[in-house]
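Undergrad: Under numbering that gives the first Met the number 0, the first residue of the sequence shown carries the number 0, and numbering increases by one thereafter.
Handing you this structure, nothing more for now.
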Amino acid sequence: MIRLENVTVAYGSRVILEEIDLEIPTGKTMVILGESGSGKTTILKCVLGTLHPVKGRVLANGQDISTLNESDLLRFRQRMGMVFQEGALFDSLTVGENVAFWLWEHTSLSDEEVETRVRTLLRFVGLENSIDFKPSDLSGGMRRRVAIARAMAAEDPAFMLYDEPTTGLDPFTSKSICDLMRRVQREFTTTNIVVTHDLTDAYRVGDLFTFIKDAKIIATGSRQDIEHSHDPFIKTFLSLDS
Ligand SMILES: Nc1ncnc2c1ncn2[C@@H]1O[C@H](COP(=O)(O)OP(=O)(O)OP(=O)(O)O)[C@@H](O)[C@H]1O
Ligand SMILES: [Mg+2]
0 MIRLENVTVA YGSRVILEEI DLEIPTGKTM VILGESGSGK TTILKCVLGT
50 LHPVKGRVLA NGQDISTLNE SDLLRFRQRM GMVFQEGALF DSLTVGENVA
100 FWLWEHTSLS DEEVETRVRT LLRFVGLENS IDFKPSDLSG GMRRRVAIAR
150 AMAAEDPAFM LYDEPTTGLD PFTSKSICDL MRRVQREFTT TNIVVTHDLT
200 DAYRVGDLFT FIKDAKIIAT GSRQDIEHSH DPFIKTFLSL DS
């Protein structure tokens, strides 16, 4: 479970998130929807522990992540995968090295163990044959798959965060990435947060949905809940996509 309790984030005097409460049950996917600049990526940074709220706390499986010491935070991060906006791969490294990099940095696995793990991960995302390719040799969809494999590098991923994982992809490729995200969720019972602008993809991957506007969460619930919302912003947002 991931839980944000009364979280306020500010850059200087500018409040980005104000007293946000959000709970993602274990094994579920929460989709965050909202306009550009509304603070969606900021929420992910708080959960990742790279940005500290000025007020409130973030809990992962009941543990307040701001109180973790360095080694516990490292252990926690090892079970959390982040797929960054645009994928953010290292262009000079091969596909295999991009996935291995995390394992070299964060584990004491031998080279052979790393290789085995990398192959397992790339097989899982359907890219074992591209292990020696450079990111520039890949399509946009393949690059996202590598980013997902890298985010899952931990032996037992518990939390997955996806920042606009399908932006810029064609509808078929978007669907295949959504299918992959669902497969990760199913096979590892990961607890997931997905930021997306695309309502079709949101419905594909989401169990729960939350809308953020003017630094506040204006609604959270199931697809049915949000489709029946009377909030004018949500009604407009949903109608723009149809
Ligand atoms: N390091 C920073 N310093 C100051 N302001 C920042 C910083 N990072 C983000 N912001 C501001 O915080 C607000 C929220 O940013 P955030 O990246 O969370 O938005 P977002 O909802 O992810 O937007 P997008 O859909 O465009 O990715 C933005 O107005 C942004 O300008
Ligand atoms: Mg963002």
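Note that the Cβ used here is the ideal one computed from N, Cα and C, for glycine as well.
Taking DSSP's pairing of strands, which residues face residue 167 in a bridge?
TA: In the sequence shown, counting from the first residue as 1, residue 167 sits at position 168. The partner list for residue 167 (beta bridge, DSSP) is empty, contrary to what the question assumes.
Undergrad: Reducing DSSP to helix, strand and coil, say where residue 157 ends up.
TA: One-based indexing of the sequence shown puts residue 157 at position 158. The answer is coil: DSSP assigns residue 157 none of H, G, I, E or B.
Undergrad: Residues in its own chain within less than 7 Å of residue 244 by CB, not counting five upstream and five downstream?
TA: This structure gives no information on residue 244, because the portion of the chain shown stretches from 0 to 241.
Undergrad: Am I right that residue 201 and residue 195 are in contact with their C-beta atoms under 8 Å? What's the rounded C-beta distance?
TA: Indexing the sequence shown from 1 puts residue 201 at position 202. Indexing the sequence shown from 1 puts residue 195 at position 196. That pair is a contact at about 5 Å.
Undergrad: Measuring CA to CA, which of 221, 197 and 220 is closest to residue 236?
TA: To locate residue 236, count along the sequence shown from 1; it is residue 237. If we check each option's Cα against that of residue 236, 197 comes out closest.
Undergrad: Would the C-beta of residue 212 count as close to ligand 2, meaning under 6 Å from any of its heavy atoms?
TA: By one-based count along the sequence shown, residue 212 stands at place 213. Checking every heavy atom of ligand 2 against the Cβ of residue 212, none is found closer than 6 Å.
Undergrad: Below 7 Å between beta carbons: does that hold for residue 0 and residue 47?
TA: If you number the sequence shown from 1, residue 0 lands on position 1. If you number the sequence shown from 1, residue 47 lands on position 48. In this structure, residue 47 does not lie closer than 7 Å to residue 0 by Cβ.
Undergrad: To the nearest angstrom, how far is the alpha carbon of residue 184 from that of residue 120?
TA: Stepping through the sequence shown from its first residue, residue 184 is reached at position 185. Stepping through the sequence shown from its first residue, residue 120 is reached at position 121. When rounded, the distance between both Cα atoms is 14 Å.
Undergrad: Return the CA-CA distance between residue 199 and residue 73, expressed in angstroms with no decimal places.
TA: As a first step, residue 199 must be located in the sequence shown, where it is residue number 200. As a first step, residue 73 must be located in the sequence shown, where it is residue number 74. Taking the straight line from one Cα to the other gives about 35 Å.
Undergrad: Quick one: is the Cβ of residue 215 within less than 6 Å of any heavy atom of ligand 1?
TA: By one-based count along the sequence shown, residue 215 stands at place 216. Answer for residue 215: no, Cβ out of range of ligand 1.
Undergrad: Just curious, the alpha helix (DSSP H) that residue 201 is in, first and last residue?
TA: Counting from 1 along the sequence shown, the entry for residue 201 is found at position 202. Its alpha helix (DSSP H) spans residues 198-204.
Undergrad: Over the uninterrupted beta strand (DSSP E) stretch that includes residue 6, give me the two end residues.
TA: Taking the sequence shown and counting its residues from 1, the one referred to as residue 6 is at position 7. Where residue 6 is concerned, the enclosing beta strand (DSSP E) stretches over 1-10.
Undergrad: Label residue 37 either buried or exposed according to how many other C-beta atoms from any shown protein chain fall within 10 Å of its C-beta, with 16 as the threshold for buried.
TA: Looking up residue 37 in the sequence shown gives position 38. So residue 37 ends up on the buried side.
Undergrad: Kindly give me the distance between the Cβ atoms of residue 140 and residue 168, rounded to whole angstroms, as I take these residues to be in contact under 8 Å.
TA: The sequence position of residue 140 within the sequence shown is 141, counting from 1. The sequence position of residue 168 within the sequence shown is 169, counting from 1. Yes, they are in contact, since the Cβ atoms of residue 140 and residue 168 sit about 6 Å apart, within 8 Å.
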